[in-house]
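Below is one structure, written out as structure tokens, with a few remarks after it.
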Amino acid sequence: MAAVLVHIDLDGDRPNASSMVALAAGRHLASSWGATLYAALITQNTSEKKSADSTAQIVSTAKVPGIEAIEAALARGGADKIVVAMTDGPVAPLWAAVGTAWQGVVDQLRPRLVLFGAESPSAADLGPRTGARIGARLLLRAKALGGADVELRDRDGGYARITDSGAAVALIGSAEAAPAGDDDVDLVVLAMPGGGDQRLELAGMTAAEVSHTGSAVVVIGDDVASDVKIVTDAKRLAALLGAQLVGSAGAARVLAQGAIVDRQTAMAPALCVLIGNAQVDLAGSTSVIRIGAQPNKSVDGALPGPIDKSLADLVKRLERS
Amino acid sequence: MTRRASMHPPPDVAVWLGTAAPVRSIRWLDGALATAAKFGAATAIAAGENNWLDLAADRATRAGLASAGIQTDLKLDYLGWAQIVAAAVRELDATTVLVDEASRPERFPEVAAIAELLDAVQLTHVVALAPDGAVVHASRSVGRELQTVRVRGPAVIGVRIAGPPVEEYPT
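For the protein sequence lines, the chains are A and B, in the order given. Mind the numbering: the first sequence is residues 7 to 327 in the working numbering, read in order. Mind the numbering: the second sequence is residues -14 to 156 in the working numbering, read in order.
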């Protein structure tokens, strides 16, 4: 029977929200395709006994503290089976840290489809490398589309269907909620031999300057910075997107410290929402949405019309989803 | 005891500029080239149509780098381009490959694909880079945090480093 594999990142002791979105998409696909849905996560093996040889070994769930809550969440999220891969080294969203363990899971299950949450920490590093390792097509920001047979489609026209012959890896941007699963789910814990790639050493983490933000930013223009309602909605939008609210010096009084950028500040976030006449120097890789302007070729999307109404509507839609 | 950088010579470097001209701004292309120039000798690689190859070669020359152009009208996916880049890298005998992730959205999966073919360490979203003998110090953007890493050995590094604003190519 074909396998659909979903990588699960953890936020503390809970599955990452974006990973759960990928799981929901996986549930729709697996149900449509008659496949088994596996949810797999990687944890560090802190027990004294490590894997003695070069093969993965099944170990007791007692060696994974806190697994019960994660198991319950993934079961309710629709997983048929859960795989916990334990690696000897510390876990980080880097191929160098967890690639060996993850590859072990992929080798065991030989999935037809591998899913990651597009916003999950591991997606950017593990997703494409997984695709390259198994020779799979790669879909970015894909979503599941219903019909007689559910399929995945991304905005560049890439797709994954039940009739495809090869494997695919997809980063899932959004998904409709899947029917809640029951709590009865198979769980396997595998001790994967070896640790991280010794060629890479993690040296530390610090807070990033706003110009180095990698995820999302919301930029508020000077022309709307004095509008209380727009500023309030802009802050709500930033909170919903996990983004930073930034702007020029003209909007300084509504911004947090360190959030002032000028027109020549170079930024390369994954997503940038521009409100009003806001202007920043964005990388070509950034997805740009402009609120209060007509669509044009310099942006990926636009909400024309009154800024306050368009912004409020967008915030409401995101809060409902 | 103070750790010292290795006495081995710095790695030979190639910088992959992609298959089409940048979207929005050329300063990220310049930033990738300037970063490669920090290593000393480096070669810029580009593939695609003549206009793009001419632009890539021009920017590489301004940065003091050699350039190699692969003229083609092929339309490939990330695996296909990775195979072409890996072949070029082997021909150049480079051990460190920088990839301009920021100029176009389709570039970043190629970092992993090239690393897989070269059996190299991969790093994406790097916003600062400093070679130090055989060690490369890198800062990468992870959400709202900066992660500092040290890399030894063959590596493919996706960079998002901007050069200075360029007036002749307005953003």
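Here a beta-carbon is modelled for each residue, glycine too, at the ideal position from N, C-alpha and C. Note that this is a predicted model, so its numbers are computed, not measured.
Any idea what DSSP makes of A:Thr271, helix, strand or coil? coil
(message) Starting from A:Leu29, trace the alpha helix (DSSP H) in both directions and tell me its first and last residue.
(response) 23 to 39
For B:Pro116, report the span of its beta strand (DSSP E) as first-last.
106 to 117
Taking the alpha carbon of A:Met92 as the point to measure from, which residue in A:Ala148, A:Ala142, A:Gln109 has its own alpha carbon closest? A:Gln109
Using only the alpha-carbon positions, how far apart do B:Gly138 and A:Ala214 sit?
27 Å
| request: Please report how far the alpha carbon of A:Pro185 lies from the alpha carbon of B:Phe93, in whole angstroms. | output: 34 Å
Check your understanding: Any idea what DSSP makes of B:Lys60, helix, strand or coil?
Key -> coil
On the three-pair Cβ rule with 8 Å, is the stretch 111 to 119 of chain B touching the stretch 178 to 192 of chain A?
no
- prompt: Is A:Gln300 close to chain B, meaning its C-beta is less than 9 Å from at least one C-beta of that chain?
  reply: no
Identify which residue in A:Pro71, A:Ala107, A:Lys87 has its Cα closest to the Cα of A:Leu11.
A:Lys87
Notebook entry, point to check: Got a sec: which bits of the stretch 207 to 224 of chain A sit with their beta carbon under 7 Å from any beta carbon on chain E, in order along the chain?
Noted result: Among the protein chains in the structure shown, which are A and B, there is no chain E.
_Tell me the DSSP secondary structure of A:Gly133 in three-state form._
helix
For a contact defined as C-beta to C-beta under 8 Å, what are the partners of B:Arg93 on chain A? According to the sequence as given, residue 93 of chain B is Phe; it is not Arg. Ordered by position in chain A, the residues that pass the 8 Å Cβ test against B:Phe93 are Ala130, Pro134, Ser291.
- Item | Counterpart residues of B:His122 in DSSP-defined beta bridges | B:Ala115, B:Arg135
State the Cα-Cα distance for the pair A:Arg20 and B:Thr20, rounded to the nearest angstrom.
-> 39 Å
Are the C-beta of B:Pro90 and some C-beta of chain A separated by less than 9 Å? yes
Taking A:Ala176 as the query, report the chain B residues whose CB atoms sit under 8 Å from its CB, ordered along the chain.
Result: empty, since nearest Cβ-Cβ is about 12 Å, beyond 8 Å.
| field | Host alpha helix (DSSP H) of A:Ala231 (start-end) | value | Careful: A:Ala231 lies outside any alpha helix (DSSP H) and carries neither H nor E.
Next item on the list: Spell out the partners DSSP gives A:Asp17 in its beta bridges.
Entry: A:Arg20
**Item:** Inter-residue Cα distance where the pair is A:Ala240 and A:Gly248
**Value:** 12 Å
So A:Gly123 and A:Ala130 are supposed to be a Cβ contact under 8 Å. How far apart are they, rounded? About 11 Å separates the two Cβ atoms, so there is no contact after all.
Next item on the list: Note down, in chain order, each residue of its chain lying with its Cβ closer than 6 Å to the Cβ of A:Leu243, except the 5 sequence neighbours on either side.
Entry: Val224, Val321
For B:Thr156 and A:Thr49, what's the separation of their Cα atoms in angstroms?
A caution first: B:Thr156 carries a pLDDT of 41, below 50, which makes its placement in the model unreliable, though a value can still be read off. If you take the alpha carbons of B:Thr156 and A:Thr49, they lie about 44 Å apart.
Under 9 Å, Cβ to Cβ, is there at least one residue of chain B near A:Trp108?
no
I need the straight-line Cα distance from A:Ile73 to A:Asp15, nearest angstrom please. 13 Å
Notebook entry, point to check: Excluding five sequence neighbours on each side, which residues of the same chain lie with their C-beta closer than 7 Å to the C-beta of A:Ala45?
Noted result: Val12, Ile14, Leu29, Leu80, Ala85, Ile88
Quick check on B:Ser(-9) - is its C-beta less than 9 Å from some C-beta in chain A?
For B:Ser(-9), the predicted model reports a pLDDT of 46, less than 50, meaning its position is unreliable and no value from the coordinates is stated.
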